[in-house]
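Undergrad: Residue numbers (my numbering): 13 to 155. I have a structure here, written as structure tokens, and I will follow up with some questions on it.
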Amino acid sequence: MKKLYSASEIAAMKLPGLPTSRDNIRARAEREGWYFEELTGQGGVRRVFSIPEKYLGATAGAKARAQIDQNLNSAREQHKTEGMADADLLASIIEGVERFAERNGLVLTADRKAAFITLFYRYFREEGTVDQETLGELMRRVG
């Protein structure tokens, strides 16, 4: 069973008595002197922490850890699914911007294209889906 967790993973567990944001978990761990290890990966060095027993409930011990692992795995699966949806959304926006530029004879610099994609990603992420008609209308207004 896993005993060391990233600050993001601990925040996702929503344990009683602990903050629910990555940065606040890091601050609490630093302030309280939690045991940690530094792992080197593709993104550089990151810390993984051992959660003090007082937050896990000393009497619940193994049951609490099992429940935490189950909740964490569920959160990871949800994050993977949302990540795929975000990738699909981004791909649709990129395709829409390129198609609009081509149909209208626009030559977009890389910076301008990136700005359009970023703007539309933020907009359509709230909407949940890309409507090509709305995308075209927004490009006409912004462009």
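We put the CB at the ideal spot given by N, CA and C, even for glycine.
1) For Arg152, count neighbouring C-beta atoms within 10 Å of its own C-beta (all shown protein chains included) and say buried if the count is 16 or more, exposed if not.
2) Start and end of the beta strand (DSSP E) containing Gly56?
3) Would you mind giving the Cβ-Cβ distance between Ala156 and Phe48, rounded to the nearest angstrom? I have them listed as a contact below 8 Å.
4) The beta strand (DSSP E) spanning Gly53 covers which residue range?
5) Can you tell me whether Leu150 is helix, strand or coil according to DSSP?
6) In three-state terms, what does DSSP make of Leu30?
7) Ends of the alpha helix (DSSP H) at Leu118?
8) Express the C-alpha separation of Arg115 and Ala23 in angstroms, rounding to a whole number.
TA: The answer reads as follows:
1) By 1-based counting over the sequence shown, the position of residue 152 is 140. It counts as exposed.
2) Position 44 of the sequence shown, counted from the start, is the residue given in the question as residue 56. Here the beta strand (DSSP E) through Gly56 covers Gly56 to Ser62.
3) The question about residue 156 has no answer, for the chain in this structure spans 13 to 155.
4) Within the sequence shown, the letter at position 41 stands for residue 53. Gly53 -> beta strand (DSSP E) spans Phe48 to Gly53.
5) As a working note, residue 150 is residue 138 in the sequence shown. Looking at Leu150 - three-state DSSP - the assignment turns out to be helix.
6) In the sequence shown, the residue the question calls residue 30 occupies position 18. In the three-state reduction of the DSSP assignment, Leu30 falls in the coil class.
7) Position 106 of the sequence shown holds residue 118. Unbroken run through Leu118: none, as it is neither H nor E.
8) Position 11 of the sequence shown, counted from the start, is the residue given in the question as residue 23. Position 103 of the sequence shown, counted from the start, is the residue given in the question as residue 115. Taking the straight line from one Cα to the other gives about 46 Å.
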